[in-house]
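All remarks here apply to the structure that follows.
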């Protein structure tokens, strides 16, 4: 669905609400040329107690922290970004939506150094359903291991959610789709499993969960953190500092992606090799069910994960 097909008409930019079509920047914006921006993806869910932002505080923490390696000062306090987001949701009568805060070096000079370029900040919200397809949550997706490797954290700060880094994700994802797959899995520089282009990955073996360590150049996903906690609350052992070889993907009992967009999405096939029984496995299903039940009717133990509109 394109933006022009959706019932959204307002964006918050640099402290002001502007019409959707007027939210524009100069063609010589630094962030456009060099990928010098940071962003977040957040979901608002329609819970039993009304619309609520999921893990908003954690996303804001990462948003501000992402700017630090780039010496990017965001000129707006957390409270202002929170109120702007709430107001966007209210103005557009959105019960559930995807939220995109972004900050980037703007227009001034076009040398590689962003010195003297202003930091621009914007927030947009729009309706967004299942990221990897309507059947993905139940039936799972088919993926391929990409020929593109994930850049090392010694090259680029991989735990900062930076716009320019997603060129790597785009290349991996489009390679997979050209080859008839839904999504990709990216290996790190040493050939171990890192993550998906926009998702973290979990492996299930003998009833225990394994997910790559942050030291393997992955993004510290907030849905990843949430699923680790949910799984442990369900009694599962979770190894969150795991090293997973490529071959282990094919012999896993179950695999699944996590992410703000992907939520909890089973993987049924890797490189044409069927995973487990070739459908959503029982561990994935239980965690997925607990996760979605929690989003619909938040239990008290997860109450601080929700910021109500």
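In UniProt numbering, the protein residues as written are 1 to 309. Heads up, the beta-carbon is just placed ideally off N, CA and C, and yes, glycines get one too.
Query	Result
Can you name the residues that DSSP bridges to residue 43?	98
Taking the alpha-carbon positions, what's the residue 236 to residue 253 distance?	15 angstroms
Across which residues does DSSP place residue 185 in a beta bridge pair?	145
Compute the beta-carbon to beta-carbon distance between residue 98 and residue 128, rounded to the nearest angstrom, for a pair I have assumed lies under 8 angstroms.	4 angstroms
Just list the residues that DSSP pairs residue 120 with in beta bridges.	104
With 16 as the cutoff for other CB atoms within 10 Å, does residue 179 come out buried or exposed?	exposed
Just reading off the beta strand (DSSP E) that residue 269 is part of, what are its end residues?	263–270
Are the beta-carbon atoms of residue 193 and residue 244 separated by less than 8 angstroms?	yes
Of the residues 24, 257, 150, 292, which one's Cα is nearest the Cα of residue 124?	24
Out of 153, 266, 217, state which residue places its alpha-carbon closest to the alpha-carbon of residue 204.	266
Compare the C-alpha of residue 103 against each of 255, 164, 293 and name the closest.	164
Assign residue 91 to one of three DSSP states: helix, strand, or coil.	helix
What residue does the alpha helix (DSSP H) around residue 275 start on, and which one ends it?	Run containing residue 275: none; DSSP gives neither H nor E here.
In the DSSP assignment, find the alpha helix (DSSP H) that holds residue 33 and state where it starts and stops.	30–34
May I ask you to verify whether the segment 81–96 touches the segment 52–71, counting CB pairs closer than 8 angstroms and requiring at least 3?	yes
Please classify residue 49: is it buried, with 16 or more other beta-carbons within 10 angstroms of its beta-carbon, or exposed?	exposed
For the alpha helix (DSSP H) containing residue 173, list its first residue and its last residue.	166–178
Give me the Cβ distance between residue 19 and residue 120, rounded to the nearest whole Å; I'm assuming they're in contact under 8 angstroms.	So it is not a contact: roughly 17 angstroms between Cβ atoms.
Quick check: the segment 143–158 against the segment 211–219, are at least 3 beta-carbon pairs closer than 8 angstroms?	yes
With burial defined as no fewer than 16 other Cβ atoms inside 10 Å of the residue's Cβ, what is the status of residue 230: buried or exposed?	buried
Hey, would you say residue 70 sits closer than 8 angstroms to residue 47, going by beta carbons?	no
Pairing CB atoms from the segment 90–97 with CB atoms from the segment 58–68, are three or more of them under 8 angstroms?	no
Pick helix, strand or coil for residue 27, following the three-state DSSP scheme.	coil
Tell me whether residue 72 is buried or exposed, calling it buried when 16 or more other Cβ atoms sit within 10 Å of its Cβ.	buried
For residue 146 and residue 185, which I take to be in contact (beta-carbon distance under 8 angstroms), what is that distance rounded to the nearest angstrom?	7 angstroms
Given this structure, state the Cα-to-Cα distance separating residue 183 from residue 257, to the nearest angstrom.	10 angstroms
When you compare only the Cα positions, how much space is there between residue 59 and residue 207?	30 angstroms
Quick one: grab the DSSP three-state call for residue 37.	strand
Hey, residue 260 and residue 223 are a contact pair by Cβ (cut 8 angstroms); roughly how many whole angstroms apart?	6 angstroms
Under the rule that 16 or more other beta-carbon atoms within 10 Å means buried, what is residue 29, buried or exposed?	buried
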